[in-house]
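Quick notes on the structure that follows.
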Amino acid sequence: MKFYLALALITLFAVAVTALPAGDEPGTNLETLEQDLTLVDADQVTGELKRDKRVTCNIGEWACVAHCNAKSKKSGYCSRGVCYCTS
Numbered sequence: 001m002k003f004y005l006a007l008a009l010i011t012l013f014a015v016a017v018t019a020l021p022a023g024d025e026p027g028t029n030l031e032t033l034e035q036d037l038t039l040v041d042a043d044q045v046t047g048e049l050k051r052d053k054r055v056t057c058n059i060g061e062w063a064c065v066a067h068c069n070a071k072s073k074k075s076g077y078c079s080r081g082v083c084y085c086t087s
């Protein structure tokens, strides 16, 4: 019993030591972080927006049904590679 307690404490210590930061990482600069997170205006967006087809129908009909069930729909079916959900 003492062996298992000692093993658990050693494991806990090893996990705690490996979770500590290495110290060579630069600190987070809040100014650059704020600049990186600024929202982009719609006028600045260039290029054409594109919506890719879902891959669910390529996998199989069951994937489409699962996708629709995840969206709280009753069922779904594939037609020409596109998944359609039914209420």
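According to full-length UniProt numbering, the residues represented by the sequence shown are 1 to 87, in order. All C-beta atoms in this analysis are idealised placements derived from N, C-alpha and C, irrespective of residue type, glycine included. Model, not experiment: these values are computed from the prediction.
For the beta strand (DSSP E) that contains residue i, what are its first and last residues?
| i | result |
| --- | --- |
| V55 | Per DSSP, V55 belongs to no beta strand (DSSP E) and is neither H nor E. |
| G76 | 75–79 |
So residue i packs on residue j, CB below 8 Å; how close in whole Å?
| i | j | result |
| --- | --- | --- |
| G68 | C85 | Checking the sequence, you will find Cys at residue 68 rather than Gly. Yes, they are in contact, since the Cβ atoms of C68 and C85 sit about 4 Å apart, within 8 Å. |
Just to confirm the assignment, what range does the alpha helix (DSSP H) spanning residue i have?
| i | result |
| --- | --- |
| L7 | 2–19 |
| E48 | Premise fails: E48 is in no alpha helix (DSSP H) and is neither H nor E. |
Please confirm whether residue i and residue j have their CB atoms less than 7 Å apart.
| i | j | result |
| --- | --- | --- |
| G76 | C64 | yes |
| K71 | S87 | no |
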